[in-house]
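Engineer: Residue numbers (my numbering), protein chains in the order written: chain A, 6 to 220; chain B, 6 to 220.
All C-beta atoms, glycine included, are put in the ideal place defined by N, C-alpha and C.
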DNA sequence: GTCTATACGATGATAGAC
DNA sequence: GTCTATCATCGTATAGAC
């Protein structure tokens, strides 16, 4: 097969990459299909052909990165749960939080594209239009369910609604960390190194959220 | 004085209100002066006349809500500091965090317009374009400086960079709380009441961040 | 002092000529 | 492909009406 164009064959992929970048930059509503297909250098109709609709494209953009990440986090949480069951005691709350947070931090620093995706997550959480947030929520639900149950097992004396709120506070700390890392902040109060690697960040955030959870 | 037009006399205010709403809805860059003046039903040139530029307008939108809030928070922190000094011991970390967080939560629920403003803050924190974030940062710097120093005094055994990171985690929890409150979440894991009043939220978040700080 | 109508230069996208 | 003319839209500036 003679490839008469460098863009042939990977049209689907190119659309996905362009959409991810533009969604992160200008938001979902602020990104037109023309902008996406223009950047991807494909025909406008290609989106509808490959993904059915703009919403269908959004789902695929999210699934591509989120499902593998969620699989990793799920395995880590399951491992903590399994180990606790074998030893006949409750899961260690620090290990539970580690199982969720460490893969997340590692994901962010894995590739520039992952960083773009994290930017997109951050934006969707604060967007008044909650179209995107709802899709994210749908895909993260099964994982969050397990995280919640495991956390409740780790902290059996705490009411479930308190655990749920504290998990939200933990997510807030994590989101904010993901957002500020990689940005310049020369004008901050004191020098705060926003270029820390995942291990250093983990060493900072885990004691904070673990103590908060056990409070 | 006969008011021949409902828009007369309050042009400055109307511009401010429209800008605040549209900035929260579509972002700073996504909002044109023509959109603002159109919604406010005033002439395009009025923005330049009253505020000098779009950036000048942005500053006033932020100052209008943030300066009074910051005054309140500053007074509360000063009071905690003063009381500690009188008693000859270090500030209580829980009281310090309360002094910052309680006025913030009360502000959010004070008026619908304050809610809109909080939405705007949330957006600017996750926007890849950091024009707005820089303005917010500039106006919150003096307060954050005092908060940071007071927190260091309350936790003298903790290295300053650790304190700074933990303050960021605290801000993350607070931002996330401000963002999710007031939104529907019928599809959440378990019922989480996002319509809690400031006092109930305070009772939830303060133990979490206090324990995290002291970890 | 306030507000309006209108114009200006810059920018970014589009489309056609080569 | 590359260049270029064109167009819409943006923030901004100004002259004059009330």
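In this structure, how does DSSP classify residue 202 of chain B when only helix, strand and coil are distinguished?
Structural biologist: Three-state result, residue 202 of chain B: coil.
Engineer: Check whether the Cβ of residue 212 of chain B lies closer than 8 Å to any Cβ atom in chain A.
Structural biologist: By this cut-off, residue 212 of chain B is an interface position.
Engineer: Hey, could you find the ends of the alpha helix (DSSP H) residue 68 of chain B is sitting in?
Structural biologist: Residue 68 of chain B -> alpha helix (DSSP H) spans 59-92.
Engineer: Residue 21 of chain B: which of B:183, B:36, B:63, B:54 sits nearest, CA to CA?
Structural biologist: For residue 21 of chain B, the nearest C-alpha among the options comes from B:63.
Engineer: Does chain B have any CB closer than 8 Å to the CB of residue 74 of chain A?
Structural biologist: False, the Cβ-Cβ gap to chain B never drops below 8 Å.
Engineer: Tell me the rounded alpha-carbon separation between residue 54 of chain B and residue 16 of chain B.
Structural biologist: Rounded to whole angstroms, residue 54 of chain B to residue 16 of chain B spans 11 Å at the Cα level.
Engineer: In angstroms, rounded to a whole number, what distance separates the CA positions of residue 87 of chain B and residue 79 of chain B?
Structural biologist: Rounded to whole angstroms, residue 87 of chain B to residue 79 of chain B spans 12 Å at the Cα level.
Engineer: Does residue 159 of chain B come out as helix, strand or coil in the three-state DSSP assignment?
Structural biologist: DSSP places residue 159 of chain B in helix when its eight states are reduced to three.
Engineer: Of all the options B:179, B:217, B:35, which has the alpha carbon lying nearest to the alpha carbon of residue 136 of chain B?
Structural biologist: Selected option, being the one with the closest Cα: B:35.
Engineer: Does the segment 94-108 of chain A come into contact with the segment 147-160 of chain A, if we say contact requires no fewer than three beta-carbon pairs (one atom in each stretch) closer than 8 Å?
Structural biologist: Yes, they touch.
Engineer: DSSP on residue 52 of chain A, reduced to helix/strand/coil?
Structural biologist: Of the three classes helix, strand and coil, the one that applies to residue 52 of chain A here is helix, per DSSP.
Engineer: What does the Cβ neighbour count give for residue 138 of chain B, buried or exposed, with the cut at 16 atoms within 10 Å?
Structural biologist: With 16 or more other Cβ atoms within 10 Å, it is buried.
Engineer: For residue 127 of chain A, collect the residues of the same chain with a Cβ closer than 8 Å to its Cβ; drop the 5 residues on either side in sequence, then sort them by chain order.
Structural biologist: Result list for residue 127 of chain A: 180, 183, 184, in chain order.
Engineer: Spatial neighbours of residue 85 of chain B within its chain, please: C-beta separation below 6 Å, excluding the five flanking residues on both sides.
Structural biologist: The residues are 96, 100, 101, 104.
Engineer: List the residues of chain A that residue 182 of chain B touches, going by C-beta distances under 8 Å, in chain order.
Structural biologist: Near residue 182 of chain B (Cβ distances below 8 Å), the residues of chain A are 173, 174, 177.
Engineer: Check the C-beta distance from residue 133 of chain A over to residue 124 of chain B and give it rounded, since I have them as a contact under 8 Å.
Structural biologist: Right, their Cβ atoms sit about 6 Å apart.
Engineer: Assess contact between the segment 30-50 of chain B and the segment 207-218 of chain A, defined as three or more Cβ pairs (one per stretch) separated by less than 8 Å. Is contact present?
Structural biologist: No: fewer than three Cβ pairs fall under 8 Å.
Engineer: From residue 48 of chain B to residue 140 of chain B, what does the alpha carbon distance come to, in whole angstroms?
Structural biologist: Going from the Cα of residue 48 of chain B to the Cα of residue 140 of chain B covers about 26 Å.
Engineer: Where in the segment 126-179 of chain A do unbroken runs of the alpha helix (DSSP H), each at least 4 residues long, occur, reported from the N-terminal end onward?
Structural biologist: Counting whole runs of 4 or more residues, the segment 126-179 of chain A contains the alpha helix (DSSP H) stretches 136-159.
Engineer: May I ask you to report which of helix, strand or coil DSSP gives residue 23 of chain A?
Structural biologist: In the structure shown, residue 23 of chain A sits in a helix (DSSP, three-state: H, G or I).
Engineer: Taking the alpha carbon of residue 28 of chain A as the reference point, which residue from A:46, A:51, A:50, A:59 has its own alpha carbon closest?
Structural biologist: That would be A:59, whose Cα lies nearest to the Cα of residue 28 of chain A.
Engineer: Chain B partners of residue 185 of chain A, CB-CB under 7 Å?
Structural biologist: Those within 7 Å of residue 185 of chain A in chain B are 173.
Engineer: Can you check which of these residues, A:82, A:44, A:207, is closest to residue 155 of chain A by C-alpha distance?
Structural biologist: Closest by alpha carbon: A:82.
Engineer: Could you check if residue 198 of chain A is buried or exposed, using at least 16 other CB atoms within 10 Å of its CB as the buried criterion?
Structural biologist: Residue 198 of chain A should be labelled exposed.
Engineer: Roughly how many whole angstroms lie between the Cα atoms of residue 167 of chain B and residue 209 of chain A?
Structural biologist: Spanning the two alpha carbons is a distance of roughly 7 Å.
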